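Positions 708 to 1034 (the numbering used here) are the ones given, in order, by the sequence shown.
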Amino acid sequence: MSGYPNVRLRRLRGSAGMRQLLDEPVPGPACFMWPVFVTPGQNQCEPIDAMPGQSRVSADRLCGMLEPVLEQGINSILLFGLTEDAAKDPDGSGAWDPAGAVQRAVADVKRRFPDMVVATDVCLCAYTSHGHCGPLAPDGSVDNDASLAHLARVAVSHATAGADIVAPSAMMDGQVQAIRTALDEAGAATTAIMSYSTKFASSMYGPFRDAERSAPQSGDRRGYQASYQNPLLALRESRLDEAEGADMLMVKPALFYLDILNRLRASTDLPIAAYNVSGEYAMLLATADRGWGDLAAMARESLCAIRRAGADILISYWANRYREIFS
Ligand code: PBG
Ligand code: ZN
708 MSGYPNVRLR
718 RLRGSAGMRQ
728 LLDEPVPGPA
738 CFMWPVFVTP
748 GQNQCEPIDA
758 MPGQSRVSAD
768 RLCGMLEPVL
778 EQGINSILLF
788 GLTEDAAKDP
798 DGSGAWDPAG
808 AVQRAVADVK
818 RRFPDMVVAT
828 DVCLCAYTSH
838 GHCGPLAPDG
848 SVDNDASLAH
858 LARVAVSHAT
868 AGADIVAPSA
878 MMDGQVQAIR
888 TALDEAGAAT
898 TAIMSYSTKF
908 ASSMYGPFRD
918 AERSAPQSGD
928 RRGYQASYQN
938 PLLALRESRL
948 DEAEGADMLM
958 VKPALFYLDI
968 LNRLRASTDL
978 PIAAYNVSGE
988 YAMLLATADR
998 GWGDLAAMAR
1008 ESLCAIRRAG
1018 ADILISYWAN
1028 RYREIFS
């Protein structure tokens, strides 16, 4: 009785109706967070070459761009800031400018859409002249402890502008603790921290660095971002950030790291975000472009995989095309 021909699993998937009855639901729009690039100036909306479908917008154009996204049920964004090359310095001080692109954008969005959940990326690489995620020590490495005070200032400036969530991505030791302490001292105890807790030194960030003009001028980020050949160390990063007071954790990239996501899911009760990064996005677009796959079908399958592996929040550039992908 226990096998064929008595058992036929195709009975359970043989019709559209049966599949509809038994399938897990696709991820709903409510669990998506859309990453958005904000640039200084006014009336800017510049398509990003390496990321078709995404653009850099100035704060004044952002709310208009969000309307069709909100209509699809996407109610959360993650903001990345840019600055002019001439405004970059070794400390990345433009990142905590109260009149910076992110700070303005947060205030505008929260004024217009108070119920939207606005998260901000907290890092320095788009603001440092050398393109690293913190100031450099004399030996050329990123100075961990000097970075902490800078990152805390950035987080406080975002929280002061009204951000609901600050998301530190620099991979400095102690950054979550430093930011939590600074937020609390600044009266921002209700601002949540979503830590990029397990962020790998990945080759899949290329289109993003193009979009953000944030590629390191020399060297790479392997001295601070996690090694994909050392999964235990990468998982410790998340555990430590939880102990430092992170409210949510993250695995990044998502698709090449579904095993890590799944392991983290089994070992924490914190919400987990998965960052479906720029290279993962570009990969599917390039495949579809050549006629080698159906874009919506590939995007749908990949997003279902990330969800199934255990992500609560899907940070994805597909968010603004939700309806097209899942209808
Ligand atoms: C910078 C940062 C990066 C991404 C998010 N924040 C790139 C990097 O570490 O160089 C990558 C996002 C993507 O590729 O979509 N701290
Ligand atoms: Zn960075």
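Think of the CB as a built atom: it goes at the ideal place given N, C-alpha and C, for glycine as much as any other residue.
Note that the structure is a prediction, hence the values are computed from the model and not measured.
**OP:** Count the other C-beta atoms from every protein chain shown that fall within 10 angstroms of the C-beta of P875, then say buried if there are 16 or more, exposed otherwise.
**Re:** As a first step, residue 875 must be located in the sequence shown, where it is residue number 168. Buried is the call here.
Original post:
Is it the case that the CB of S876 approaches a heavy atom of the ligand ZN more closely than 8 Å?
Top reply: On the sequence shown, residue 876 is found 169 positions in, with the first residue counted as 1. Checking every heavy atom of the ligand ZN against the Cβ of S876, one is found closer than 8 Å.
Original post:
Under the criterion of a Cβ to heavy atom distance below 8 Å, does A950 qualify as lining the ligand ZN?
Top reply: For the purposes of this step, residue 950 is identified with residue 243 of the sequence shown, where counting begins at 1. A950: no, Cβ never under 8 Å from the ligand ZN.
Original post:
Does DSSP put C752 in a helix, in a strand, or in coil?
Top reply: Position 45 of the sequence shown, counting from 1, holds the residue named residue 752. It is a strand residue.
Subject >> Through-space distance from R818 to Q997, alpha-carbon basis >> reply: Counting from 1 along the sequence shown, the entry for residue 997 is found at position 290. Counting from 1 along the sequence shown, the entry for residue 818 is found at position 111. Gln is not the amino acid found at residue 997; the sequence shown has Arg there. If you take the alpha carbons of R997 and R818, they lie about 42 Å apart.
Original post:
What number of angstroms, rounded off, separates the C-alpha of L728 from the C-alpha of G721?
Top reply: As a first step, residue 728 is located in the sequence shown; it is residue number 21 there, counting from the start. As a first step, residue 721 is located in the sequence shown; it is residue number 14 there, counting from the start. For L728 and G721, the distance between alpha carbons rounds to 12 Å.
Subject >> Per-residue DSSP class, three states only, for F744 >> reply: Here residue 744 refers to the residue found at position 37 when the sequence shown is read from its first residue. The DSSP-derived three-state label of F744 is strand.
Subject >> For M911, the three-state DSSP class (helix, strand or coil) >> reply: Here residue 911 refers to the residue found at position 204 when the sequence shown is read from its first residue. Correct three-state label for M911: helix.
**OP:** Could you check the C-alpha separation between D730 and A808 for me, to the nearest Å?
**Re:** As a first step, residue 730 must be located in the sequence shown, where it is residue number 23. As a first step, residue 808 must be located in the sequence shown, where it is residue number 101. Roughly 43 Å between the two C-alpha positions.
**OP:** Give every residue of the same chain whose Cβ lies closer than 6 Å to the Cβ of G908, excluding the five residues on either side of it in the sequence, and list them in chain order.
**Re:** For the purposes of this step, residue 908 is identified with residue 201 of the sequence shown, where counting begins at 1. Residue identity check: residue 908 is Ala in the sequence provided, not Gly. Hits under 6 Å: R928, R929 and Q932.
**OP:** With a threshold of 8 Å, establish whether the CB of G748 neighbours any heavy atom of the ligand PBG.
**Re:** Looking up residue 748 in the sequence shown gives position 41. Every heavy atom of the ligand PBG is 8 Å or more from the Cβ of G748, so no.
Subject >> Buried/exposed call for V714, threshold 16 Cβ in 10 Å >> reply: Residue mapping note: residue 714 aligns to position 7 of the sequence shown, counting from 1. Taking all protein chains shown into account, V714 has fewer than 16 neighbouring C-beta atoms within 10 Å of its C-beta and is therefore exposed.
Original post:
Is the region 990-1004 close to the region 970-981, with three or more CB pairs under 8 Å?
Top reply: no
Original post:
Does the ligand ZN have even one heavy atom less than 8 Å from the beta-carbon of S800?
Top reply: The residue you call residue 800 lines up with position 93 of the sequence shown. No, the ligand ZN has no heavy atom inside 8 Å of this Cβ.
Subject >> Alpha-carbon spacing of A757 relative to F744, whole angstroms >> reply: Position 50 of the sequence shown holds residue 757. Position 37 of the sequence shown holds residue 744. Going by the C-alpha atoms only, they are around 13 Å apart.
**OP:** Count the other CB atoms, across all protein chains shown, that sit within 10 Å of the CB of Q749; report buried if there are 16 or more and exposed otherwise.
**Re:** Along the sequence shown, one-based indexing puts residue 749 at 42. Exposed is the call here.
Subject >> DSSP three-state assignment for I784, whether helix, strand or coil >> reply: Stepping through the sequence shown from its first residue, residue 784 is reached at position 77. In this structure, I784 counts as strand in the three-state DSSP scheme.
Original post:
Of all the options L890, I1022 and D850, which has the alpha carbon lying nearest to the alpha carbon of P797?
Top reply: Residue numbering aside, residue 797 sits at position 90 when the sequence shown is read from its first letter. Looking at the Cα atoms, D850 is the closest of the given residues.
Subject >> Assigned secondary structure, V714 (DSSP; H/G/I helix, E/B strand, else coil) >> reply: To locate residue 714, count along the sequence shown from 1; it is residue 7. Correct three-state label for V714: coil.
Original post:
With distances taken from each beta carbon to the nearest heavy atom of the ligand ZN, which residues come in below 5 Å, in chain order?
Top reply: C830, C832 and C840
**OP:** Any chance you could list the alpha helix (DSSP H) runs of at least 4 consecutive residues sitting entirely within the region 807-834, in chain order?
**Re:** 808-819
**OP:** Report the rounded CA-to-CA distance for M772 versus E1031, giving the unit in angstroms.
**Re:** Within the sequence shown, residue 772 is the residue found at index 65, counting from 1. Within the sequence shown, residue 1031 is the residue found at index 324, counting from 1. M772 and E1031: Cα-Cα distance of roughly 17 Å.
Original post:
Hey, is the region 914-926 in contact with the region 866-880, meaning 3+ C-beta pairs nearer than 8 Å?
Top reply: no
Original post:
Which residue's Cα is closest to the Cα of R987: M1005, R970, I979 and A980?
Top reply: As a working note, residue 987 is residue 280 in the sequence shown. For the sequence presented, residue 987 should be read as Glu rather than Arg. Checking every option, the nearest Cα to that of E987 belongs to M1005.
**OP:** Could you work out which residue in A1018, T897 and G724 is closest to A961 when comparing CA atoms only?
**Re:** Taking the sequence shown and counting its residues from 1, one reaches residue 961 at position 254. Out of A1018, T897 and G724, A1018 has the C-alpha closest to the C-alpha of A961.
Original post:
Run through DSSP, which three-state label would Y982 get?
Top reply: Against the sequence shown, residue 982 aligns to sequence position 275. Strand, per DSSP.
**OP:** Consider the C-beta atom of E892 and the heavy atoms of the ligand PBG; say whether any pair is separated by less than 8 Å.
**Re:** Here residue 892 is taken as the residue at index 185 of the sequence shown, counted from 1. No - the ligand PBG has no heavy atom lying nearer than 8 Å to the Cβ of E892.
Original post:
Which residues bound the alpha helix (DSSP H) around S974?
Top reply: Here residue 974 refers to the residue found at position 267 of the sequence shown. Unbroken alpha helix (DSSP H) run through S974: L965 to S974.
Subject >> Spatial distance of S1023 from A853 (CA atoms) >> reply: Numbered from its first residue, the sequence shown carries residue 1023 at position 316. Numbered from its first residue, the sequence shown carries residue 853 at position 146. About 31 Å.
Original post:
Under 9 Å, do L831 and G881 count as touching if we go by C-beta distance?
Top reply: Sequence index remark: in the sequence shown, residue 831 carries index 124 (1-based). Sequence index remark: in the sequence shown, residue 881 carries index 174 (1-based). The answer is no: Cβ separation not under 9 Å.
**OP:** Pull up the distance between the alpha-carbon of P724 and that of P734, whole angstroms please.
**Re:** Taking the first residue of the sequence shown as position 1, residue 724 is located at position 17. Taking the first residue of the sequence shown as position 1, residue 734 is located at position 27. In the sequence as displayed, the identity of residue 724 is Gly instead of Pro. About 19 Å.
**OP:** Determine the contact status of S816 and L769, defining contact as a CB-CB distance below 9 Å.
**Re:** Sequence index remark: in the sequence shown, residue 816 carries index 109 (1-based). Sequence index remark: in the sequence shown, residue 769 carries index 62 (1-based). It is Val, not Ser, that sits at residue 816 in the sequence shown. Cβ atoms of V816 and L769: closer than 9 Å.
**OP:** Sort L1002, R970, K959 and A989 by Cα distance to L1021 and report the nearest one.
**Re:** One-based indexing of the sequence shown puts residue 1021 at position 314. Answer by Cα proximity: K959.
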